[in-house]
Amino acid sequence: MGRKNETWRDSAIHENYDPNDHGEYVEGQVFVGMAFDVASEISDTYQAIRRACLQVGLNAHRVDEQLGSGPISNRILRGIEQAEFMIFDLTIERPNVYYEIGYAHGVGNRPEEILLIAKNGTILHFDVAHLAVVFFDSATDLERKLPAHLKRMIVETR
């Protein structure tokens, strides 16, 4: 399940803590957490994320693309646990996206494995306002910005 060392506190609590053990994940897999909607703006944003990931050899996916009738919440948690990287879009305020960010941190993902994005003008909630966020003007702007961030994530974490 996810990263073996579950929190930053593990180094102080567990004698078997290994900072070089990055747990189990699917290399190249990117979990995308964002509002589900058929609106073209959301769809354009997601397509920009997918294209940017492909440019750097990564495979982005959302849980609503999976087949089957199992509980969506289980798919989300498993998707976060199995992904090498995560991208969360904060543009449209959704409590589930904030929960997913917290879960991603809680199962041991390092900040370097998580990318937060939001359209310019988005008001961030207190609990994530202090985190680094990539702001964008349009899907085209996002697609232009993401590859550099993704490349840096790959270099810093592999």
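Following the working numbering, the numbering of the sequence shown begins with 3 at its first residue and continues without gaps. Cβ coordinates follow ideal geometry from the N, Cα and C atoms, glycine included.
Asked: Jot down the residue ranges of each uninterrupted alpha helix (DSSP H) in the region 63 to 143, minimum 4 residues, whole runs only, in chain order.; Found: 74 to 84, 97 to 108, 128 to 131
Asked: What's the gap between the Cα of Leu-56 and the Cα of His-127?; Found: 30 angstroms
Asked: Can you grab the Cα-Cα spacing for the pair Gly-108 / Leu-79, in whole Å?; Found: 11 angstroms
Asked: If you draw a straight line from the C-alpha of Ala-134 to the C-alpha of Leu-118, how long is it?; Found: 7 angstroms
Asked: Whose C-alpha, out of Ala-62, His-63, Ile-125, Ile-51, is nearest the C-alpha of Thr-142?; Found: Ile-51
Asked: For Gln-84 and Val-28, which I take to be in contact (beta-carbon distance under 8 angstroms), what is that distance rounded to the nearest angstrom?; Found: 5 angstroms
Asked: Report, in whole angstroms, the separation of the C-beta atoms of Ile-82 and Glu-102, which I expect to be a contact under 8 angstroms.; Found: 6 angstroms
Asked: Is Val-184 helix, strand or coil when you go by DSSP?; Found: No answer is possible for residue 184: the residues shown for the chain start at 3 and end at 160.
Asked: Hey, is Gly-35's beta-carbon within less than 7 angstroms of any beta-carbon in chain C?; Found: Protein chain content of the structure displayed is limited to a single chain, and chain C is not contained in it.
Asked: Write down the C-beta distance between Phe-87 and Val-32 rounded to the nearest angstrom, noting that I regard them as a contact closer than 8 angstroms.; Found: 5 angstroms
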